[in-house]
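What follows is one structure encoded as C-alpha cells, with my remarks underneath.
Protein chains: 2
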Amino acid sequence: MAESSTRTVERALVLLGAVCDAGSLSLADAAREAELSASTALRLLRTLEGTGFVRRDPLGAYRPGLRVVQLGAQALGHESLVSLAEPALERLVRQTGESAYLSVPSHDGEGVYLAMREGTHSVRHASWIGRSIPLDGTAVGAVLAGGPPAGGFVVVRDGIEADVTAIAAPVSPGGRAVAALSVVVPSYRITAVEARRFGALVAQEAAALLTPPDAHDTATTRGEPA
Amino acid sequence: MAESSTRTVERALVLLGAVCDAGSLSLADAAREAELSASTALRLLRTLEGTGFVRRDPLGAYRPGLRVVQLGAQALGHESLVSLAEPALERLVRQTGESAYLSVPSHDGEGVYLAMREGTHSVRHASWIGRSIPLDGTAVGAVLAGGPPAGGFVVVRDGIEADVTAIAAPVSPGGRAVAALSVVVPSYRITAVEARRFGALVAQEAAALLTPPDAHDTATTRGEPA
DNA sequence: CTGTAGTTTTCACTTATTGAAACGTCCTTT
DNA sequence: AAAGGACGTTTCAATAAGTGAAAACTACAG
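Quick note, the sequences are listed as chains U and H, same order.
Going by my numbering, the first sequence opens with residue 4, and the numbers climb by one from there.
Going by my numbering, the second sequence opens with residue 4, and the numbers climb by one from there.
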C-alpha cells in the first residue's frame, strides 16, 4: 500500500534531484526546494557531498557531483535500450533530417529523454538527454501513457511547446509501451502529409526496435565467478 | 573533522553505488556488498526503488533506475569540462588514430573517465565512460595525483593492463590538476619515439583546454528568473 | 550603523531506523 | 521424497540516530 520508505533517504534523494535539476543551488534554495529546514538540508547535503554525489563550487553553491555523472554514465551504458535504439535514431535522422528521440516513462508520471540524435537542419529543436517531459499534451506522453495509437503513431502540433510538432510512436513489446521513439520538427517546416509520412517511419522503427529476439545482456547478471 | 554524515543516507548511497557498479544485483548480494543486514538492505533498496533510483527487473534483481540515468545525463550536460574537451578529444583521435579520454579525480582516490572518443584502428582499447581507474600505476593517475610531469606528459607502458600503453597529460589551470587527457594504445603498435610525439600532442591539447579565458557557464547559475 | 538573509553549530526530544528472529518459498542435494 | 540451504519478506522491541528551533556568526544592503 503506502510506501515503506526511509524518510531520511527520501529527503536526501529529493535534495540530490533538486541540485541536479537546477545545476547549481544554494543551501537555502535547496532547502526550500525540498521543503526542509536549513539544518536538515545542510546535514543531508554534507552527506551527499562526502560521497561525491554533490560538490560545492568555489562560491559555496551545491552542484551535481562526479558520482552522479559516473553512475549515470554506467547506467546509460548498461541500458540496452539505448544501444538498441541508436541505429534507429540514426536512420530517422537520415530519413527526416529532424532530431529524433528515445524516451521512456519515468517513475513519477513523466517521461525522460534517454537518447537523441540531432537533426541536420540548421534550425532544430533543442532538447537534451535527461530532460523530463510531461505526459499530458505531448506526443511522447500520448504513446507512453495511452494505449496503442490509431495509425501506429501520434502527431501533436503545437503541444506544450508552440511552433513545434512532435511525432511519436510506442515501443511496445507485448502491448505495453515501454518506450517511445519520436521526431520533433519546427511546425512551419512540416505539412500534414509529411507528418504522416514521418509518422509511418517512426512507427516502423519503433515496432522493429525489440523484434530481434535475442537475449542481449544476460552476461553480467548475478554476481561474479566464485 | 570526522564526517558529520547521516548513516542511513550513506548506506543507501553505497547500496545505489553497488547496484550501479554491478549493473544487476540480487538483494542478498547487494546486502553483502554494502555490509548490511538483509532487512536493512531491503528497506533501503525499496526507498531507492520508490524514487526511481533503482528498479527491479522481472527476476527480482535490482538494477540502476531511470533517475540515475536522468540525473547523470543532466550532470554530464552541465559538466562544462566535457563539452570543452570534446573538440580536443576529436583532434587527438584524428592525429593519433587512437582512443582518447578525459578523466577527472574522483572523491575516493580514484579517477573516472568522463568522456572518450574511439580511435580509428580496428584493434582499439575498450574502456568506457563512468569507469573508475586506480591512480596507482597508471598514466592518468600519475598526472591527476602527482605534480606536473617533466615533459608535460606521462607515458606508462604496460601499467595495470599489460600490452597497453597510456599517455596522459594534466589539465591544470593554476597548478592543480583538475582533469587529464589521455591516449591509450596497444603497446605493440607504438614506439618510444611515437609515444613522445603523442605525448606532446596530448600535453598541448590539455594545456589549451582551459585557456580561453571566458566564463563558460555562468548563465545557469543560481535559480531561475523570479 | 542597523536590518535582513544566509550558513553553520549546538542541543534536548523522540521519532524513525535497526537487525535478530521467524516464516514461506524455491532450489539443490542426498 | 525428504532434508538442507539460500533467498526474500515481515514483525517487533530496543535504542541509536535524525530532527528542527534557536542562537551565533557572517555578509551584504539600505
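All C-beta atoms, glycine included, are put in the ideal place defined by N, C-alpha and C.
Between the alpha carbons of alanine 153/H and cysteine 23/U lies a gap of roughly 38 Å. For glycine 114/U, the enclosing beta strand (DSSP E) begins and ends at 113–120. If only uninterrupted beta strand (DSSP E) runs of at least 3 residues are considered, those enclosed by the segment 48–110 of chain U are 57–59, 65–67, 102–108.
If you draw a straight line from the Cα of aspartate 32/H to the Cα of alanine 44/H, it is about 10 Å long. The three-state secondary structure of valine 181/U, taken from DSSP, is coil.
In the structure shown, the three-state DSSP call for alanine 169/U is strand. For the 8 Å CB-CB criterion, threonine 9/H and threonine 54/U do not form a contact. Scanning its chain for C-beta atoms nearer than 7 Å, with the 5 sequence neighbours on each side dropped, one finds around leucine 47/U the residues Arg14, Ala15, Leu18, in chain order.
Counting C-beta atoms within 10 angstroms of its own C-beta, serine 109/H has 16 or more neighbours from the protein chains shown and is therefore classed as buried. Excluding sequence positions up to five before and after alanine 171/H, its CB lies within less than 6 Å of the CB of Ala142, Val143, Val146, Val157, Ala183, Ser185, all in the same chain and listed in chain order. In the three-state DSSP reduction, leucine 212/H falls in the coil class, being neither helix nor strand. Contact between the segment 88–97 of chain H and the segment 63–79 of chain H is absent: fewer than 3 CB-CB pairs across the two stretches fall below 8 Å. Under the DSSP assignment, arginine 160/H falls in the beta strand (DSSP E) whose first and last residues are 157–160.
Not one beta carbon of chain U lies nearer than 8 Å to the beta carbon of proline 173/H.
Proline 151/U sits exposed, since fewer than 16 C-beta atoms from the chains shown fall within 10 Å of its C-beta. With contacts defined by Cβ atoms closer than 8 Å, serine 135/H and aspartate 166/H do not form a contacting pair. Secondary structure note for arginine 10/U: its alpha helix (DSSP H) is the uninterrupted segment 10–25.
In this model, alanine 195/H and valine 205/H are separated by some 15 Å (Cα to Cα). Chain U places no beta carbon closer than 8 Å to that of glutamate 93/H, leaving this residue out of the contacts. Here serine 40/U has Ala34 as same chain residues with Cβ atoms under 8 Å from its own Cβ, once five neighbours each way along the sequence are excluded.
Taking a Cβ-Cβ cut-off of 7 Å, the neighbours of glutamate 13/U in chain H comprise Thr50, Thr54, given in sequence order. Under the three-state reduction of DSSP, serine 135/H is assigned to strand. Residue pairing by DSSP places leucine 28/U opposite Tyr65/U in a beta bridge. Using a 10 angstroms sphere on the CB of glycine 114/H, the tally of other CB atoms reaches 16 or more, which defines it as buried. Chain-order list of chain H residues neighbouring threonine 141/U: empty, with the shortest C-beta distance near 17 Å, by a criterion of under 9 Å. According to the DSSP assignment, leucine 147/H belongs to the alpha helix (DSSP H) that extends over 142–148. Residues of the same chain with a CB within less than 8 Å of the CB of valine 85/H, apart from the 5 flanking positions on each side, are Leu79, Leu105, Leu117, Ala118 in chain order. Between glutamate 101/U and alanine 88/U, the alpha-carbon positions lie close to 16 Å from each other. Taking the beta carbon of valine 181/H as reference, no residue of chain U falls within 9 Å; the closest one sits roughly 11 Å away.
Secondary-structure assignment with DSSP links proline 189/U through a beta bridge to Val167/U. With 16 or more other CB atoms across the displayed protein chains lying within 10 angstroms of its CB, isoleucine 193/H is buried. For the options Gly149/U, Ala64/U, Thr168/U, the alpha carbon positioned closest to that of serine 29/U is the one of Ala64/U. Against chain H, the CB of threonine 9/U has a partner CB under 8 Å away; the residue lies at that interface. Taking all protein chains shown into account, glutamate 208/U has 16 or more neighbouring C-beta atoms within 10 Å of its C-beta and is therefore buried. Leaving aside the five residues that flank leucine 138/H on each side, the residues in its chain whose CB is nearer than 7 Å to its CB run, in chain order, Gly112, Glu113, Gly114, Gly144, Leu147, Ala148. At a cut-off of 8 Å between C-beta atoms, valine 115/H counts as an interface residue with respect to chain U.
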